[in-house]
Structures are given as C-alpha cells and as structure tokens.
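Trainee: Residue numbers for the sequence shown follow this note's numbering, beginning at 1 and rising by one. Where is the CB? At the ideal position from N, CA and C, for every residue including glycine. Here the structure is a predicted model, which is why all the values come from computation and not from measurement.
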Amino acid sequence: LQAFTSSPIKGFFFGIFITAILQSSSAVMVMTVGFVSVGAITFQQSLGIILGSNIGTTVTAEFMTFSIERWIGPGMILGFLLMLFKRHSIRYTGFSLFGICMIFFSIKGFTSLAEPLSQYSLFFDVLELVEKNTLFAIIVGAIITGIIHSSTGMIAIAMGFISGGQLSILAGIALMLGSNIGTCVTGYMASIGAGKEAKLTAYAHIWINILGVLLFYPFIKELQLAAAFFSKEAHVQLAHASVIFNVI
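1) Quick check on the DSSP output: the alpha helix (DSSP H) that includes T145 runs from which residue to which?
2) Tell me where the alpha helix (DSSP H) around L177 begins and ends.
3) Give the range of the alpha helix (DSSP H) segment to which F66 is assigned.
4) Please go through the same chain and pick out, in chain order, the residues whose beta-carbon is closer than 7 Å to the beta-carbon of L78, but skip the five residues on each side of it.
5) Looking at the unbroken alpha helix (DSSP H) that takes in K108, where does it start and where does it end?
6) Does S242 pass the burial test, meaning 16 or more other C-beta atoms within 10 Å, or should it be called exposed?
7) Three-state secondary structure (DSSP) at K199?
8) What would DSSP say about G164, mapped onto helix, strand or coil?
9) Going by C-alpha distance, which of I90, E69, Y92 is nearest I103?
10) So the alpha helix (DSSP H) T19 belongs to, where does it begin and stop?
11) Which residues in the same chain have their Cβ closer than 6 Å to the Cβ of N209, if we skip the five residues on either side of it in sequence?
12) Could you check the C-alpha separation between I250 and G73 for me, to the nearest Å?
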C-alpha cells in the first residue's frame, strides 16, 4: 500500500487497477476508508485512489457493451473446477475466475430488469418523469444507486431501458451522473464511527462526485455527442459517456 500510494499519481493508477479487478468502486472506497481509519495510509494518499476508482468502475460498463454471455457459464464451470485443486495458485485462480463471472452474470441480470420493471405503472410514471426532467433523473439515479450500492448496476439498468426503447440516451446519461453521487453512500456508511481522517476520505469522495456532476449538468447534450462520436448504438454511448465523464 505504501509503495502504490506514495504519490497521488501512483495512488490514482492503483485506484484504477484495483477497481477494474474488483469491479466495484464502492468496495474499493470501503477498503480505502478502512485503511485510512487504521492508519495504513493517510487521507492525502487516499485522494489518488478515490479519483482512480471513479475511472476504474467504468471498465465494467464497457465490458457490458460486448456480447460475453456465452463465456459466463463456461467461465463459472471452469472456475469451480479449478477451486477443487489443492494447489493454492490454481485454486485461487479458480476463485477469481468464478467470482468475476458471477459479477458479470449479476450485472447482466440488472440489464434484463428493464422490461419487467417497465410493466409496473408506478415505474412507468417514474420513467416518464425521468425522460422529461434531467434533474429528476439525476436524483433517481442517485437514490437507486444508494439502495443497490452499485453505480455499475444502475448503468446496467439504464442500458437495458435504452436498449428496449423505454429511455433516451440523454435521460440515461442523467441517471449515470446521479449514480456517481449515489455510489458515495457506501463509503460514507463505512466512515460512520471512524476517525477524522477516515471521515475526510468519505467527504472528499462525496464532494468530488457532486462537483463533477454540477460541472457536467449543463453539458449533458455535449457529453452525448462526444459519446456518439465513438458509437452509433445508444446503450453503448451510455458506457462511453460514463468513461468520458469520469476521466475528465
């Protein structure tokens, strides 16, 4: 930890790398708050990890734009078989493979929620409001992400709605911006009862994400045009918009 967080730039790339592996910025934030709380790293060292984790979490959304369904089942089976070996290196490779495939299986489940959810009148009414009001969409994105503790899960749900034609790309981007605020809930919960520096880490994560959303809110249309430059498919544009927003 000391080696990888000795400077902000090192911590930044470490945050990207570890979040891309764990597929969860919330998990990385909880660990970071914990490390600061016990004095393993300082508040200043945690800032690079926070910024990196925001970018690392976009890797999962990008993976969702590829057709990987046919590899999930075989990957889980192979991972399970490797878990039966006694040799540690093979066994832990099996744990990792099985776990990563389970994550993608779960996220694909979030994507498939779009159609059944849209059948409920209450949810349909919420969708209509989200479509008409981007500020409301940001609030909804933040609330849902805070409940499910996964900004990637929220983006997966939005991608499902966009693919099904129930949601526009602009409304989807607003939900994505909200998810960046909602993902702060987990880190804040982890800081409750912790020391001052651990609380500062959680607050820094909150302010970085809120200020980022405030800066981008007037430019949602431009963000969509930038994402459209890389792909013509609307649900893929949402994944690209998430990368562009978090990198900038």
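Mentor: With the structure as the only source:
1) T145 -> alpha helix (DSSP H) spans 134-148.
2) Counting along the chain, the alpha helix (DSSP H) containing L177 begins and ends at 169-182.
3) For F66, there is no enclosing alpha helix (DSSP H), as DSSP gives it neither H nor E.
4) L97, listed in sequence order.
5) That run of the alpha helix (DSSP H) goes 88-111.
6) The residue is buried, with at least 16 neighbouring Cβ atoms inside 10 Å.
7) Look at K199 here: in three-state DSSP terms it is helix.
8) In the structure shown, G164 falls within a coil segment according to DSSP collapsed to helix, strand and coil.
9) For I103, the closest C-alpha among the options I90, E69, Y92 is that of E69.
10) Note, T19: alpha helix (DSSP H), 8-22.
11) Once the five neighbours on either side are set aside, the close Cβ partners of N209 are N180, I181, C184.
12) The structure shown does not extend to residue 250, since the chain spans only 1 to 248, so no value can be given for it.
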